[in-house]
Structures are given as C-alpha cells and as structure tokens.
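Student:
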Amino acid sequence: MTPDATTSLRSQVREAIEAAWQRAQADLAPATAGEVPAAAGESPATPGGVPAEPQHAPIEIERPADPSFGDFASNLAMKLAKPYRKAPMEIARAIAAHVVTTATDAASPIASVEVAPPGFLNFRLADGALAATTTRVLLDPATWGRVSVAHPERINVEFVSANPTGPLHIGNARGAFTGDLLCRVLTAAGHTVEREYYFNDFGSQVKNLGGSVVAIREGCEIPEDGYHGEYVYDMARDLPAEILEQARQADEDPALAVGRWASEQVRAGIQASLEHLGCHFDVWRSESTLHKDGWVKQAVDRLRAAGDVYEEDGAVVFRSTKYGDDKDRVILRSTDDNAPTYFAADIGYIVEKFSRGYERIVFIWGEDHHGYVARVKAAAQSLGFDRDHVQMILTAWVRFIRDGKEIAMSKRSGEFITLDELLGEIGVDAARWFFASRAASSGIDFDIELAKKQSSENPVYYVQYAHARIASILRKATEAGISAPAGDDPRLSGLLASVLTGAPEAQLARQIARLPEIVEDAAASEETHGITAYATDLATTFHAFYRDARVIDEAEPDRSMGRLALIAAAKTTLAGALGLLGISAPESM
RNA sequence: GCGCCCGUAGCUCAGUGGAUAGAGCGCCAGGUUGCGGACCUGGAGGUCGUGGGUUCGAGUCCCGCCGGGCGCGCCA
961 MTPDATTSLR SQVREAIEAA WQRAQADLAP ATAGEVPAAA GESPATPGGV PAEPQHAPIE
1021 IERPADPSFG DFASNLAMKL AKPYRKAPME IARAIAAHVV TTATDAASPI ASVEVAPPGF
1081 LNFRLADGAL AATTTRVLLD PATWGRVSVA HPERINVEFV SANPTGPLHI GNARGAFTGD
1141 LLCRVLTAAG HTVEREYYFN DFGSQVKNLG GSVVAIREGC EIPEDGYHGE YVYDMARDLP
1201 AEILEQARQA DEDPALAVGR WASEQVRAGI QASLEHLGCH FDVWRSESTL HKDGWVKQAV
1261 DRLRAAGDVY EEDGAVVFRS TKYGDDKDRV ILRSTDDNAP TYFAADIGYI VEKFSRGYER
1321 IVFIWGEDHH GYVARVKAAA QSLGFDRDHV QMILTAWVRF IRDGKEIAMS KRSGEFITLD
1381 ELLGEIGVDA ARWFFASRAA SSGIDFDIEL AKKQSSENPV YYVQYAHARI ASILRKATEA
1441 GISAPAGDDP RLSGLLASVL TGAPEAQLAR QIARLPEIVE DAAASEETHG ITAYATDLAT
1501 TFHAFYRDAR VIDEAEPDRS MGRLALIAAA KTTLAGALGL LGISAPESM
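With the working numbering applied, the first sequence closes on residue 1549, and no number is skipped along the way.
#1: Looking only at its own chain, which residues have a Cβ that is under 6 Å from the Cβ of W1554, when we skip the five neighbours before and after it?
#2: Kindly give me the distance between the Cβ atoms of S1453 and A1067, rounded to whole angstroms, as I take these residues to be in contact under 8 Å.
#3: Taking E1154 as the reference, give the member of N1160, S1164, L1141 with the closest Cα.
#4: Which one of R1279, G1254, R1470 has the shortest CA to CA distance from A1266?
#5: Since I believe V1276 is in contact with D1288 (beta carbons under 8 Å), could you give me their beta-carbon distance rounded to a whole number of angstroms?
#6: Which of the three DSSP states is assigned to W1357 in this structure?
#7: Return the residue from the list P1127, A1136, R1106 that minimises the CA-CA distance to V1117.
#8: Which first and last residues belong to the alpha helix (DSSP H) in which F1314 is found?
#9: Considering only the alpha carbon of each residue, which of E1205, D1211, V1174 lies closest to D1194?
#10: Is the Cβ-Cβ distance between W1255 and G1308 less than 8 Å?
#11: For A1207, does the three-state DSSP call read helix, strand or coil?
#12: Can you tell me where the beta strand (DSSP E) with A1066 in it begins and where it stops?
#13: Opposite Y1270 in the DSSP bridges: which residues?
#14: Taking the alpha helix (DSSP H) that F1394 belongs to, which residues open and close that run?
#15: Within 10 angstroms of the Cβ of P1069, are there 16 or more other Cβ atoms? Answer buried if so, exposed if not.
#16: Taking C-beta to C-beta, are A1545 and L1538 nearer than 8 Å?
#17: Straight-line CA distance for T1438 to S1458?
#18: How about L1379 and H1058: do their beta carbons lie closer than 8 Å?
#19: Under 8 Å between the Cβ atoms of H1427 and L1292?
#20: Could you spell out the range, first to last residue, of the beta strand (DSSP E) harbouring F1080?
#21: Identify the residues that DSSP records as bridge partners of A1076: which are they?
#22: Give me, in chain order, the residues of the same chain whose beta-carbon lies closer than 6 Å to that of A1466; leave out the 5 immediate sequence neighbours on both sides.
#23: Excluding the 5 residues preceding and the 5 following N1590 in the sequence, name in chain order all residues of the same chain whose CB lies nearer than 7 Å to its CB.
#24: Out of P1048, Q1209, E1319, G1403, which one is the CA nearest neighbour of G1131?
#25: Kindly provide the ranges of any alpha helix (DSSP H) runs that are 4 or more residues long and lie completely inside the region 1318-1357, ordered along the chain.
#26: Are there 16 or more other CB atoms within 10 angstroms of the CB of R1316, so buried, or fewer, so exposed?
#27: Where do the ends of the beta strand (DSSP E) carrying D1407 lie?
#28: Take V1269 and list the residues in its own chain whose beta-carbon comes closer than 8 Å to its own, dropping the five residues that flank it on each side.
#29: Taking three-plus beta-carbon pairs below 8 Å as touching, is the region 1491-1508 in contact with the region 1436-1451?
#30: What are the partner residues of W1244, as DSSP defines its beta bridges?
#31: Quick check: what's the CA-CA separation for A1469 versus T1094?
#32: Starting from V960, follow the alpha helix (DSSP H) in both directions and report where the run begins and ends.
#33: Tell me the rounded alpha-carbon separation between R1197 and I1176.
#34: Buried or exposed for T1125, going by 16 or more other Cβ atoms inside 10 Å?
#35: Within 10 angstroms of its Cβ, does E1184 collect 16 or more other Cβ (buried), or is it exposed?
#36: Would you report the Cα separation of Y1422 and D1508, rounded to the nearest angstrom?
What follows is the structure, encoded as structure tokens:
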C-alpha cells in the first residue's frame, strides 16, 4: 500500500457489505450445520466439519445502469441464494439491516441501502463521502488517480521491437500505443514497470540494408532484395567515408559495416518518432548482445540439462510439445555451423529478463504472432519459470484503407506510410484516443481519409475542451478576486457540504469520485477504453453543470468558492484521465 | 485440414453472468440579451451472425453451423 494511493469508494462500499454480511450470519442460519456458504461456489467447507475461514470470491459491485438505483449495486444476495437455500430478497434484507450507514455512523460513506427485486442491494453515497473525495483531490492533485493493487509487481513490457531497417510505418502504431497505454495504466495501479525495445542489429536484413546503401553510394543498382525507400538514399548521401574506408582496411564486407551504421541511424530515428508519440523506452536491447553476453548459450544449456532437447538431422531441437506446443522447435540449425535460430535468441532473452528480477514479463505482439505464444511459454516452463509470468498481449490487425482499398506495406519496396506522416495528418492526441478507445483484441478498419476528416470531430477535443473551459473559469474567478479554496483550507468542508446539496454539484462530485475505480478496472482488464468512456462522461457531466450552475457570482462568494473547489477537482480529474492516456490537457485551445 | 481472434445501431466501437443493450460520428428537430456555441436538449435508428445447451437470469459461459481475419518454416 503506497501512502499516496487512493482507496476507491467502491472498495469502501465493498468492505461495508462484507462486514454487514458477517454480522448477518446469525440471521442467515446456514442450511447445513458447520457449512459456511461461499459467494460464488468457492472454498468448500473443511471436511472435518469445522467451519473454514469465511473465504469467498470478491463481492461483486457494479455501477447500476439506471442511476435511479443509486451509486452502487451488489448481486451478493442472489449469489448466496443457493448456498443458504433462502430467497434472494430475504437474504438481501438481512444483509441490508446490518449495513452501517450515516444514520448510525456519520463517518460511513453510505447514506442508504435499498433492496430491490430480484435481490439487488442498492447503495447511495453520502454527501460526506463526496466532500471527502473532493478534498482529497485538491489536497494532492498529483497522485489523484493512483491506486494500489493487492500485489504490486515489477513488470517488464516489451513492445514495438520493429527491426531497424526502415522508419516505423502505420502498421506499428497499434503496438506502440497499446504498449505505452498498458505501461501507464499498470504504473498508475501501483506496479513498477520498465519499457523495453528489442531489435536485431546483425541479421541478414541489416546486411541487406547496408548493401543497398553502398550500392546507391557507388552508383550501382540496388540488389533485387534490397531496400528502396527514400530514407535509404538519404543515408547513402550522409554515409561518412570513414565507414567504407575502415571496412576496406579491415577487409570486412562493406555491406556489413555500413549495415551496422545504417541500422543505428534508423534505430535512432525510430526512437525519435516514438518519443514524438509520447512513447518512451527505458531499455533498448539488441539481439547481438544476447549472444555476446552468453544468454543464448546459457538458455540452450539449461534446456539440455532439463532433458528437453534432442538432435535430429544435425539440428538441435527443443521438445516444446512436452509443454503444450503443436510441434517441437529447432533451436540450433543443422546448417551454418549450428547457428542459433531466432527462437533460440528469444529463449536466451527470457533468461536474461528474469535475471533482472522481474516478476512478470509482457510482450505486445501483433496477432499474426499468436502461433509463437505456445513455444515461448513452453520454453519458459522448461527453464523453470512460471509460464503464467510470461504474458503475451496480442493486438488485432489494423487494416489501413484508402479509396476503399487496403494499403499494402513493404519496407523493401519503400511503399508505405510512415507513422510520422500519419501523425502529421491527424495529430498525436487524436491518434492516441483512437487506439485507446478500442480493445486490443478488436480488429480495426482505419480509413485514412475518414480519420483525417473525423479528427476535427474526435471526442478527444470534447474532453480537452471541458478542461480548457474550466481553466478559463478559474482564470476569470481570479480576476474577479475569488479563488478556489485549497485542499487544506479550513473553510473547505463547510463550503462543500453546503454546495453539494445542489443536484448539478452532487452529480459532478459523483463523476469525479469514480476515477480510482476506473483505474482499477483498466489495470485489471489491461484495456483503456474504459478510461476514454469515463473521460467523455465526466466532460458531459461538467458541461451540464456549466449549463445549470453559474460558478462566478460576486453576490454569492461562498457558493462561488464551493463551486470553484468542485470544478478545480474536475479539472484535475480530467487531466488525470487524459494523462493516463498520454494525452495533453490544454489550459486553452 | 488443425489452432487462435472477431461478428452488437447507417459508420467506428463499448458492454467484469444481472435491472429498459450503450457511446461517438452521421441524420432530423430545437436551444444562448450571463463564467469559452469545439456547448446544450429532444428524436429516429437493434431478430446482439445463426441454431441448440447451461443458469433463477445469457450480448456475455459451452457445443454445432455461417461469414471475416490471422497463424501452422532450421525466415525474422
């Protein structure tokens, strides 16, 4: 539990239900002596007849679809109907009777509990809970939205990892945003995250790239399987003569030496593009260092020691079928002096990553790599790691369409749209929102012209507009000599208590208070579309508030200050939601 | 052929087994003598691909079928 994290109101209500359920046990007289019913068929009673510790699945709490049902609803009584052999309504009434509300304890976050058919428990939040939350936002705006998962982990997330043989193209966009968004959400939930980029810096494609640069430089034809993009010509022009000279003196293939130089140029360009997107990486790891530092050899040795390799036709094969793979996989080739395969390097990489102390390693892959999942997990298991600590998140394919036709992309031909070009057209914020608002597993048709046309109508601007509008009101208030009270202002609780009796104010405070839940859900599901939906909801609620409640009114200074406190909290919350998505929150636009 | 993913409003997409299936865009009709009209209010628009099953309850879980995408190298 980090001290600056927030416990969501949902968690507080869950604890209140839990406690009420415990106190209601006597009224609910178990169907069979010694049996403690479990909420969701979990944790059977101990065989000896002694009641087990009351373990059960977490009590489910949801935001009701219909706001007239209150702020939170639980289906607990319906889940308990079978084990208790009682009607859900009866159970619900028994639990409701034991819920502590503000009627008996002024500090309770719950104002009232209602029972509704077929057995729902509906809860209403107390104004005091809303005021306390608003105060907390103002007291420490920087940490508002941070929560604390039950078991924080050190997590490595590897994403993009495109080979440095050409600039990133639009096909790399989804992986970049998906990985970055995941890292932001996991961090906000209390995990420690490192972001990693893996690239091949010595393979045949790199040599190929070097060969293409050399050919252009020397006025020859580019080899048939070479690279033709404009950036190749730029590098041929910029290639320092020393590189060629040194290669000649060392009697090295110039394509190889130039390839090393060229791929580093490209890699640096990729890094710059990613930083421009707001995607920062902590670690850049090259395939060659895995071999050089002995990780690949160590991994192969460990598989061998585990008895999971055999030789076949001169090749060394990993028996991945033992761990659920479709077929066994070659790790050392029969040719090229038993050179390791790409997969062997990946196995070495697993060993290297876990040696750094991560509890979980995550890969963001395009779904075209899904066939790779089983073999990598198999390798992890054979190496003695928990296969569940190796996680793959697959992003569905994005079809880029222009004029009704899918755009084919090929780095070698140079016929592709770069990520930089796309973002120049539609803007980073709009692009981030586009990907953040869709589940990673959902296939997307990205119509370039449509996206450009719609970028000006992108909901992201609706949210940013709400933020800028609040900023404007706060500026105006300062000019009028009224300012928003700070979180530690002794008048704050009185001002909020008075102002929260109004419907627009209470609605806004309710929306603000949801942020920690949204972060919890995003981290648990490892998806961010809940955040975009929430940000839109909050903006809508603010715009309604703006319509119904005038903030600056010199004739009503107390009411003005109470409302200023609320919109300041709303502004922080909007910025927090946008920040989770890596999107800017402008003071004006 | 085998495996994985997907199928929800005209379009792009949400929907942790719960109450009347939602949002944005588009379309139609309205709204401001006041803090930013990049705003607000209302409306039309759905056999949740399809047929069974499990459940007190299924868009959600299971099976079959139809349609679409991807994968099934000692390539990376």
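Glycine residues also receive a C-beta, built at the ideal position from the N, C-alpha and C atoms.
Tutor: On the basis of the data shown:
#1: No statement about residue 1554 is possible, as the shown extent of the chain runs from 961 to 1549 and does not include it.
#2: Contact doesn't hold; Cβ gap of about 13 Å is too wide.
#3: Of the residues N1160, S1164, L1141, the one whose Cα lies closest to the Cα of E1154 is L1141.
#4: When each option's Cα is compared against that of A1266, the closest is R1279.
#5: Between D1288 and V1276 a beta carbon distance of about 11 Å is seen, past the 8 Å cut, so the two are scored as non-contacting.
#6: Coil at W1357, not helix or strand.
#7: Nearest C-alpha to V1117: A1136.
#8: First-last of the alpha helix (DSSP H) with F1314: 1302-1315.
#9: With respect to the C-alpha of D1194, the residue from E1205, D1211, V1174 having the closest C-alpha is V1174.
#10: Yes.
#11: It is helical.
#12: Unbroken run through A1066: none, as it is neither H nor E.
#13: DSSP, once it has assigned bridges, lists V1277 as partnering Y1270.
#14: Note, F1394: alpha helix (DSSP H), 1388-1396.
#15: Buried, because 16 or more other Cβ atoms sit within 10 Å of the Cβ of P1069.
#16: Yes; because the gap between Cβ atoms is below 8 Å, this pair is in contact.
#17: The alpha-carbon atoms of T1438 and S1458 are separated by roughly 22 Å.
#18: No, the pair does not count as a contact, with Cβ atoms beyond the cut-off.
#19: No, these two residues do not count as a Cβ contact at 8 Å.
#20: Per DSSP, F1080 belongs to the beta strand (DSSP E) from 1080-1085.
#21: F1080, per the DSSP bridge assignment.
#22: The beta carbon of A1466 sits closer than 6 Å to those of L1460, all from its chain and outside the five residues before and after it, given in chain order.
#23: Any property of residue 1590 remains undetermined from this structure, which presents the chain solely from 961 to 1549.
#24: For G1131, the nearest C-alpha among the options comes from G1403.
#25: Given a length threshold of 4 residues, each whole run of the alpha helix (DSSP H) inside the region 1318-1357 is given here in chain order: 1333-1342.
#26: Answer is exposed; the Cβ neighbour count stays below 16.
#27: Counting along the chain, the beta strand (DSSP E) containing D1407 begins and ends at 1404-1407.
#28: Only V1260, L1263, V1276, V1277, F1278, R1279, I1291 meet the Cβ criterion.
#29: Result no; under three Cβ-Cβ pairs closer than 8 Å.
#30: For W1244, the pairing in a beta bridge is given by DSSP as Y1157.
#31: The alpha-carbon atoms of A1469 and T1094 are separated by roughly 7 Å.
#32: Here the chain covers residues 961 to 1549 and nothing more, so residue 960 does not appear.
#33: When rounded, the separation of the alpha-carbon atoms in R1197 and I1176 is 9 Å.
#34: T1125 is buried by the Cβ-count criterion.
#35: E1184 should be labelled exposed.
#36: Each residue's CA atom was taken as its position, placing Y1422 and D1508 some 19 Å apart.
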